[in-house]
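Chains as they are written, first to last, in this note's numbering: chain A, 150 to 354; chain B, 150 to 354. Note that CB positions come from ideal geometry on N, CA and C, so glycine has one too. What follows is one structure encoded as structure tokens, with my remarks underneath.
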């Protein structure tokens, strides 16, 4: 059961998420968040040091949820290629999200350019994902699914594809079936990694 | 030789580019652009209907220049895989850009969410690139470089990789050698396309 304090905190986060997404981070004031959440300023500052703190918390909450889903998808799978496809399937909810989370993505990035503190928090997950997927590719090599190749090179490519699809999904939701694009692209990626021989540059035939 | 009118117009564009990138689009007023460009408001409105018009012009100028470079790189190449690598090489300047153009990218996207007019202009190039690269992949199939596969699927993957790398390059310039990441990723992509058989889903081995 949620305590009253937890319930208040959750209400602040929800109100801030909606306001940031609707009006933008910069245009939203703490006073507005308090009004929307029906809490006092004192209650706000009991839970969050600043507007920025709540912004960073929103980002981290969102990614923690995503990470947990991706981790589960991988652990259910019997090989890394299968795991990557299962992880792509987990993204269906993210890409189809009608809530304001994904819309907030661009706001985070915009804010990251202006504020070094937010910038550091924003860049960290990208670096972490590149490291995380390097380990997964290495596991794929170790289990014999992939030929020996530089796992970091492959991880960079994989994260780039995912980022590029999430961005286009936000900007142009009706432009494609982004979930299908993600699945097709991960399949192409697996095909590419499987076809790569260490040190060989496929540049034509 | 530039006429005086062209020179004035170019000065407005340069001033606006710098202000939009430094302060953001929303925070920049036409009056400031005029001051920075050392032109009258009358001169500004002679060239541009609104702040939004200049914003869209900046985007289009930037993409036109890029498109010309990409087209040249492709036409110099003797095969599509070689052409794709040559196009990746053309991106070196874009990814290493120390000017404010690339920084403006996020501002465009942010603005696109808020303003349907900008949104339409912003979404159009993505769709155009997906169409353009579909044609290139089809050419690769026709010339025998690639097996028969759905060129649209491949084009989506290719554009996603490029978008994901450009975004990460803007957010985290020091996080990787993004030019190398692009080259490696395009190579992986070519490898993946070459390895794909129509209707076959590589999901493991």
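So with Cβ pairs under 9 Å, would you call residue 350 (chain A) a contact of chain B? Here residue 350 (chain A) corresponds to residue number 201 of the first chain, with the count starting at 1. The pLDDT assigned to residue 350 (chain A) is 44, lower than 50, so where the model puts this residue is not dependable; a value taken from the coordinates is nonetheless given after this. Yes, residue 350 (chain A) counts as interfacial toward chain B.
Under 9 Å, Cβ to Cβ, is there at least one residue of chain A near residue 300 (chain B)? Here residue 300 (chain B) refers to the residue found at position 151 when the second chain is read from its first residue. Chain A contact via Cβ: absent.
For residue 347 (chain B), the three-state DSSP class (helix, strand or coil): By one-based count along the second chain, residue 347 (chain B) stands at place 198. Any reading at residue 347 (chain B) must be qualified, since the residue scores a pLDDT of 46, below 50, and its modelled position is unreliable; no value is offered.
So, is residue 225 (chain B) buried or exposed, given that buried needs 16 or more other C-beta atoms within 10 angstroms? Residue numbering aside, residue 225 (chain B) sits at position 76 when the second chain is read from its first letter. Under this definition residue 225 (chain B) is an exposed residue.
Listing by chain order, which chain B residues have their CB less than 7 Å from the CB of residue 334 (chain A)? Here residue 334 (chain A) is taken as the residue at index 185 of the first chain, counted from 1. What residue 334 (chain A) touches in chain B: 305, 306 and 309.
Taking the alpha helix (DSSP H) that residue 310 (chain B) falls in, what are its first and last residues? As a first step, residue 310 (chain B) must be located in the second chain, where it is residue number 161. Its alpha helix (DSSP H) spans residues 300–320.
CA nearest to the CA of residue 327 (chain B), picked from B:345, B:245 and B:200: The residue labelled residue 327 (chain B) in the question sits at position 178 within the second chain. Of the listed residues, the one whose Cα sits closest to residue 327 (chain B) is B:245.
How long is the line joining the alpha carbons of residue 263 (chain B) and residue 329 (chain B), rounded to whole angstroms? By one-based count along the second chain, residue 263 (chain B) stands at place 114. By one-based count along the second chain, residue 329 (chain B) stands at place 180. Distance between the alpha carbons of residue 263 (chain B) and residue 329 (chain B): 34 Å.
From the DSSP output, in three-state form, read off residue 293 (chain A) for me. Translated into the one-based positions of the first chain, residue 293 (chain A) becomes position 144. In the structure shown, residue 293 (chain A) sits in coil (DSSP, three-state: anything other than H, G, I, E or B).
Whose CA, out of A:237, A:171 and A:192, lies closest to the CA of residue 180 (chain A)? Looking up residue 180 (chain A) in the first chain gives position 31. When only C-alpha atoms are compared, the closest one is A:192.
Who are the near neighbours of residue 165 (chain A) in its chain, counting only those whose CB is closer than 6 Å to its CB and skipping five residues on each side? In the first chain, residue 165 (chain A) corresponds to position 16, counting from 1. Closer than 6 Å at Cβ, skipping near neighbours: 182 and 203.
Kindly give me the distance between the Cβ atoms of residue 134 (chain B) and residue 210 (chain B), rounded to whole angstroms, as I take these residues to be in contact under 8 Å. Residue 134 (chain B) is absent from the structure shown; chain B starts at 150 and stops at 354.
According to DSSP, simplified to helix, strand and coil, what is residue 225 (chain B)? Here residue 225 (chain B) is taken as the residue at index 76 of the second chain, counted from 1. Correct three-state label for residue 225 (chain B): coil.
Residue 220 (chain B), DSSP secondary structure in three states: Stepping through the second chain from its first residue, residue 220 (chain B) is reached at position 71. Looking at residue 220 (chain B) - three-state DSSP - the assignment turns out to be helix.
Indicate whether at least one CB of chain B lies closer than 9 Å to the CB of residue 166 (chain A). Start at 1 with the first residue of the first chain, and residue 166 (chain A) comes out as number 17. Judged by the 9 Å Cβ criterion, residue 166 (chain A) is not in contact with chain B.
Per DSSP, what kind of secondary structure is residue 267 (chain A) in: helix, strand or coil? Mapped onto the first chain, residue 267 (chain A) falls at position 118. Residue 267 (chain A) falls in the helix class under three-state DSSP.
Using a Cβ-Cβ distance under 9 Å, would residue 271 (chain A) count as near chain B? Residue numbering aside, residue 271 (chain A) sits at position 122 when the first chain is read from its first letter. Closer than 9 Å to some Cβ of chain B, the Cβ of residue 271 (chain A) qualifies, so yes.
Would you call the segment 286–294 of chain A and the segment 310–326 of chain A touching, i.e. three or more CB-CB distances under 8 Å? no
Neighbour flag for residue 189 (chain B) against chain A, beta carbons, 9 Å: The residue you call residue 189 (chain B) lines up with position 40 of the second chain. It does not; no Cβ of chain A falls within 9 Å.
Counting only Cβ pairs nearer than 7 Å, list the residues of chain A close to residue 131 (chain B). The first residue shown for chain B is 150 and the last is 354, placing residue 131 (chain B) beyond what the model contains.
So residue 340 (chain B) and residue 341 (chain A) are in contact, right, with Cβ under 8 Å, and what is the actual spacing, rounded? Residue 340 (chain B) sits at position 191 when you count from the first residue of the second chain. Residue 341 (chain A) sits at position 192 when you count from the first residue of the first chain. Yes, residue 340 (chain B) and residue 341 (chain A) are in contact; Cβ-Cβ is about 4 Å, under 8 Å.
Separation of residue 304 (chain A) from residue 162 (chain B), as counted between CA atoms: If you number the second chain from 1, residue 162 (chain B) lands on position 13. If you number the first chain from 1, residue 304 (chain A) lands on position 155. Those two C-alpha atoms are separated by around 39 Å.
Report, in whole angstroms, the separation of the C-beta atoms of residue 220 (chain A) and residue 310 (chain B), which I expect to be a contact under 8 Å. Translated into positions along the first chain, residue 220 (chain A) becomes position 71. Translated into positions along the second chain, residue 310 (chain B) becomes position 161. The pair is not a contact, with the Cβ atoms about 24 Å apart (cut-off 8 Å).
To the nearest angstrom, how far is it from the Cα of residue 269 (chain B) to the Cα of residue 160 (chain A)? Start at 1 with the first residue of the second chain, and residue 269 (chain B) comes out as number 120. Start at 1 with the first residue of the first chain, and residue 160 (chain A) comes out as number 11. Spanning the two alpha carbons is a distance of roughly 35 Å.
Under 7 Å from the C-beta of residue 314 (chain B): neighbouring residues of chain E: Absent from the structure: chain E. Protein chains present are A and B.
Beta-carbon proximity check, residue 308 (chain B) vs residue 336 (chain B), cutoff 9 Å: Stepping through the second chain from its first residue, residue 308 (chain B) is reached at position 159. Stepping through the second chain from its first residue, residue 336 (chain B) is reached at position 187. The answer is no: Cβ separation not under 9 Å.
Output needed in chain order: residues of the segment 258–290 of chain B with a Cβ under 7 Å from some Cβ in chain A. 258, 259, 261, 262, 271, 272, 275 and 276
Contact set for residue 272 (chain B): own chain, Cβ-Cβ below 8 Å, skip 5 residues either direction: Here the question's residue 272 (chain B) lines up with position 123 in the second chain. Here the set comprises 261.
Limits of the alpha helix (DSSP H) - the one that residue 169 (chain B) falls within: Here the question's residue 169 (chain B) lines up with position 20 in the second chain. Residue 169 (chain B) -> alpha helix (DSSP H) spans 153–172.
For residue 177 (chain A), which of A:287, A:283 and A:256 has the nearest alpha-carbon? Stepping through the first chain from its first residue, residue 177 (chain A) is reached at position 28. Considering only alpha carbons, the answer is A:256.
Any beta carbon from chain A within less than 9 Å of residue 238 (chain B)'s own beta carbon? As a position in the second chain, residue 238 (chain B) is number 89, starting the count at 1. Not one chain A Cβ lies under 9 Å of residue 238 (chain B).
Is the CB-CB distance between residue 185 (chain A) and residue 168 (chain A) below 9 Å? Residue mapping note: residue 185 (chain A) aligns to position 36 of the first chain, counting from 1. Residue mapping note: residue 168 (chain A) aligns to position 19 of the first chain, counting from 1. It is a contact, given that the beta carbons lie within the stated cut-off.
Just the C-alpha distance for residue 214 (chain B) and residue 317 (chain A), rounded to the nearest angstrom, thanks. Taking the second chain and counting its residues from 1, one reaches residue 214 (chain B) at position 65. Taking the first chain and counting its residues from 1, one reaches residue 317 (chain A) at position 168. Cα to Cα, the separation comes out at about 22 Å.
Have a look at A:299, A:206 and A:281 and flag the residue whose alpha-carbon is nearest the alpha-carbon of residue 253 (chain A). Within the first chain, the letter at position 104 stands for residue 253 (chain A). Out of A:299, A:206 and A:281, A:206 has the C-alpha closest to the C-alpha of residue 253 (chain A).
Return no unless some Cβ of chain B is closer than 9 Å to the Cβ of residue 321 (chain A). Position 172 of the first chain, counted from the start, is the residue given in the question as residue 321 (chain A). At least one chain B Cβ lies under 9 Å of residue 321 (chain A).
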